[in-house]
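Residue numbers (full-length UniProt numbering): 1 to 153.
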């Protein structure tokens, strides 16, 4: 890829990150690191634009946290889907829910059926970050971003 194409691509990706920051009413530096990733930002912006389903959870998996056989992101994804989540784009990263109650049901499911996914002293966590994304009708912004990593605490 030529340097010119790379430069243009970087500018376009940075513009998307700034667009998401503006939609959420914050400056770029206040976005979680996982939302500064252009792939995640593009996915979230596309989901906000095309889907009516809300809220959503965006996962930044920490592969080092899956250190026992059977303890995989796929196991957590299966629990998300069993709780009514839709894997947006089938990438195992962004999940939409019909409403907040379904997220609450999934949270209870983690505590009951996935105790290994919760924080354990001396063991790497399964997620670097989880962001809950909500559409809102406030005129100053259209999206609310919430640190939701506590679900694994």
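From the three backbone atoms N, C-alpha and C, an ideal C-beta is built for every residue, glycine too.
* Look at the Cβ atom of residue 126, then the Cβ atom of residue 61, and state whether they are nearer than 8 Å. => Yes, the pair counts as a contact, with Cβ atoms nearer than the cut-off.
* Check residue 146 in the structure and name its three-state DSSP category. => Strand at residue 146.
* Asked: Can you tell me the Cα-Cα spacing of residue 117 and residue 72, whole angstroms?
  -> 9 Å
* Asked: Thinking C-beta only, is residue 89 closer than 8 Å to residue 31?
  -> no
* Compare the beta carbon distance of residue 67 and residue 153 with 8 Å and say whether it is the shorter of the two. => no
* Would you call residue 108 buried or exposed, if buried means 16 or more other Cβ atoms sit within 10 Å of its Cβ? -> Exposed is the call here.
* To do: Could you say which of 11, 26, 52 and 27 lies nearest to residue 95 if we only look at CA atoms?
  => Measuring from the Cα of residue 95, the nearest candidate turns out to be 52.
* Asked: What's the gap between the Cα of residue 142 and the Cα of residue 29?
  -> 18 Å
* Just the Cα atoms here: how many angstroms apart are residue 105 and residue 80? -> 9 Å
* Would you mind working out which of 39, 83, 128 and 55 sits nearest residue 155, comparing C-alpha positions? => Because residue 155 is not part of the residues shown, which for the chain are 1 to 153, the question remains open.
* Just list the beta strand (DSSP E) runs in the region 51-108, keeping only unbroken ones of 3 residues or longer that don't cross its boundaries, in chain order. => Fully enclosed beta strand (DSSP E) runs of 3 or longer: 56-61 and 94-96.
* To do: Within its chain, find whatever has a CB closer than 6 Å to the CB of residue 77; leave out the 5 residues flanking it on each side and keep chain order.
  => 92
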